[in-house]
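To start, the structure itself, in structure tokens.
Numbering (the working numbering), first residue to last: 21 to 236.
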């Protein structure tokens, strides 16, 4: 006669909650951002994302295909948020150079800080893969054209050269990244970017005046 008592069954795991495809996609992106924030971009793999999200790997692969696809989706979401924030700010701003420069500076820095320390890691990862680098450059071109259009009324007969727009973008990325990591404050990043934008427009305006004078 066995003295062993009845076997104790382990508690049943709760069934996985089935979500609509759009809701699952949203959940996966939210978990991916949280994973980057807590463990860094290097820890972001499709397998790790599946584990943290409580789903099987095929579910994650079905949504993103590859790690590059996941990084691209994260950057696209960041860019869409940045574009919406900047468009609304420009529309509500005063039609002056100071007004436009202020909203470009504040909206860029605010959007990066809204995403926290995660986005610098995503941007760095994008630069490491050729197909992702092209995606980033495409979005950069859209951002620079938006800035050119917003600032064009203040350069007179001049034009904002591509080099000036690249300088603006480089300053925006570096300053907002420094603010996100706590090396400088958000206000310092916005103030410095504002001054950079105003100086770039002033140089462009002087260039137009010089061309007019030389043509007389």
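Using N, Cα and C, we set each Cβ at its ideal position, and we do this for glycine too.
Look at residue 115 here: in three-state DSSP terms it is coil, with no helix or strand label. DSSP, read as helix, strand or coil, puts residue 184 in helix.
DSSP, read as helix, strand or coil, puts residue 66 in helix.
Taking 7 Å as the cut-off, the beta carbon of residue 187 is found no closer than this to the beta carbon of residue 128. Inter-segment contact for the stretch 64 to 81 and the stretch 158 to 174 is absent: fewer than three beta-carbon pairs are separated by less than 8 Å. The count of Cβ pairs closer than 8 Å, one atom from the stretch 220 to 227 and one from the stretch 168 to 175, reaches three, so the stretches are in contact. Put simply, the stretch 78 to 95 does not touch the stretch 119 to 127. Fewer than three CB pairs are less than 8 Å apart. Sequence-distant partners of residue 91 (beyond 5 residues in either direction) whose C-beta falls short of 7 Å from its own C-beta, in its chain, are 142, 145, 146, 152.
Contact between residue 115 and residue 197 does not hold, since the beta-carbon distance rounds to 30 Å and is not under 8 Å. Ranked by Cα distance from residue 165, the options 154, 200, 183 are led by 183. For residue 178, the secondary structure class from DSSP, reduced to helix, strand or coil, is coil. Looking at 170, 154, 209, 87, the one whose alpha-carbon comes closest to that of residue 113 is 170. Nearest to residue 88 by alpha-carbon distance, out of 218, 104, 149, 208, is 149. Looking from the CA of residue 156, the closest CA among 212, 135, 98, 59 belongs to 98.
The straight-line gap separating the alpha-carbon atoms of residue 43 and residue 94 is approximately 15 Å.
Per DSSP, residue 40 is not a residue of any alpha helix (DSSP H), being assigned neither H nor E.
Going by DSSP, residue 173 is part of no alpha helix (DSSP H) at all; its letter is neither H nor E.
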